[in-house]
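One structure is given below, encoded as structure tokens.
Written out as structure tokens, the structure is:
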């Protein structure tokens, strides 16, 4: 009998995740970090390009969130980030996972799989490569992903991976017991080791005082948010605003809460925003830099147009206004006027009858009211 050839289908519709990643790395990562890493594996296996902005749009994160996630995995030696002389991110090399601990893994690209960023964003200083150049283990010249001046800001609040000894040292400090007691009083239960590490991160990296941490946890709990991932996001936001005292935090929170309430009310919602809804509001305020009156205008138009998916509908309006460089409500009126003029011109063109053998002669004009009166008088 002839020999049998054993083969299998290409794994284009699946992405293989190492058990080492699940066992040793995933527990300490947040949602954004896990999503970014899995998406990198997906795109690498498919040989498809992407970019920081592409990942940010896909997962409704900011580019800073994506850059933080990339830095997180680089510090854990799961990938390597390459930069050119002008500080552009030009390559992401996915490492082969092995039984080695992160500290034992040498920083080298020889065994790394290379991830291809978006070719649309490559710089002139980086030579080009195509998918056809790829042979196993997929080593190609990477394209550039511009990150501008945001790198330092995006990476400055990266959360370290604290060891058990470091956590124990923190717990043994004289002033720690009172802070942990206050936090547990607000949360209503004993803190986990991971949550204690988060408080250590507030002190060690964000340089928050005990008073500010006290106010931070109280602020989040008062809003029904006891999840430490949410508390951590608020803390990073305050750090980015250079908030160092409870008074500054209270002032910022008061102004921010007022805007959030107005936006939610403008969309016909009375409840507190969900995490997803908060991402939309944050993008409109911080990324698009729209004033509250412009956002409310978009919300009012959304309510008139649809009862469902209002945040998505408002996002489409505001994204369009952002592309058209709207800065004041008067700019919106100009856009509306231009739209009406185009609509009117299109309607006039559509109503003009086509020239044919049936209408190439003078058309009769009848006064039907006069004809009716004439018929009645006879």
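In our numbering, the protein residues as written are 80 to 457.
Every residue gets a Cβ at the ideal spot worked out from N, C-alpha and C, and that includes glycine.
Just so it is clear, the structure is predicted and the values come from calculations on it, not from any experiment.
Judged by their CB atoms, residue 237 and residue 147 are nearer to each other than the 8 Å cut-off.
With respect to residue 158, residue 172 sits close: the two C-beta atoms are nearer than 8 Å. Remark: C-beta atoms of residue 363 and residue 397 approach each other more closely than 8 Å. Linking residue 270 to residue 246 through their CA atoms gives a straight-line distance of about 13 Å.
Residue 100 and residue 176 do touch by the CB rule: their CB atoms are close to 6 Å apart, below 8 Å.
Between residue 307 and residue 263, the gap from beta carbon to beta carbon reaches 8 Å or more. Bounds of the alpha helix (DSSP H) holding residue 298 are 289-301.
Less than 8 Å divides the Cβ of residue 266 from the Cβ of residue 300. Relative to residue 169, the option among 131, 122, 290 whose CA is nearest is 131.
The straight-line gap separating the alpha-carbon atoms of residue 102 and residue 108 is approximately 12 Å. Taking residue 384 as the centre and dropping the five residues before and after it, the same chain places the C-beta of 392 closer than 8 Å to its C-beta, in chain order. In the DSSP annotation of this structure, the continuous segment of the alpha helix (DSSP H) that includes residue 272 starts and ends at 272-283.
Between the alpha carbons of residue 133 and residue 254 lies a gap of roughly 44 Å.
Listed in chain order, the non-local C-beta contacts of residue 292 below 6 Å within the same chain comprise 281, local neighbours out to five positions each way being set aside. When DSSP states are grouped into helix, strand and coil, residue 236 belongs to the coil group. Cβ-Cβ distances below 6 Å link residue 116 to 152 in the same chain, with the five nearest sequence neighbours on each side left out; the list follows chain order.
Its chain contains 129 as the residues whose beta carbon lies nearer than 6 Å to that of residue 122, once the 5 sequence neighbours on both sides are disregarded; these appear in chain order. In the three-state DSSP reduction, residue 342 falls in the helix class (H, G or I). DSSP, reduced to helix, strand and coil, places residue 325 within a helical segment of the structure shown.
Per DSSP, reduced to three states, the secondary structure at residue 362 is helical. In this structure, residue 163 keeps its C-beta atom at 8 Å or more from the C-beta atom of residue 111. Taking one beta carbon from each stretch, the region 404-419 and the region 366-374 have 3 or more pairs nearer than 8 Å; the two touch. A straight-line Cα-Cα distance of about 15 Å links residue 367 and residue 339. The beta carbons of residue 260 and residue 279 sit about 15 Å from each other, so the pair does not count as a contact at 8 Å.
Annotated three-state conformation of residue 387 is coil, per DSSP.
When the five nearest sequence neighbours on each side are left out, the beta carbons in the same chain lying within less than 8 Å of the beta carbon of residue 328 are those of 291, 294, 295, 298, 317, 322, in order along the chain. In this structure, residue 120 places its C-beta atom within 8 Å of the C-beta atom of residue 94. Considering only 389, 355, 277, the residue with the shortest C-alpha distance to residue 347 is 389. Secondary structure note for residue 257: its alpha helix (DSSP H) is the uninterrupted segment 255-266.
Per DSSP, the unbroken alpha helix (DSSP H) holding residue 309 starts and ends at 307-319. Ranked by how close their Cα comes to the Cα of residue 320, the residues 310, 331, 311, 326 have 331 in first place.
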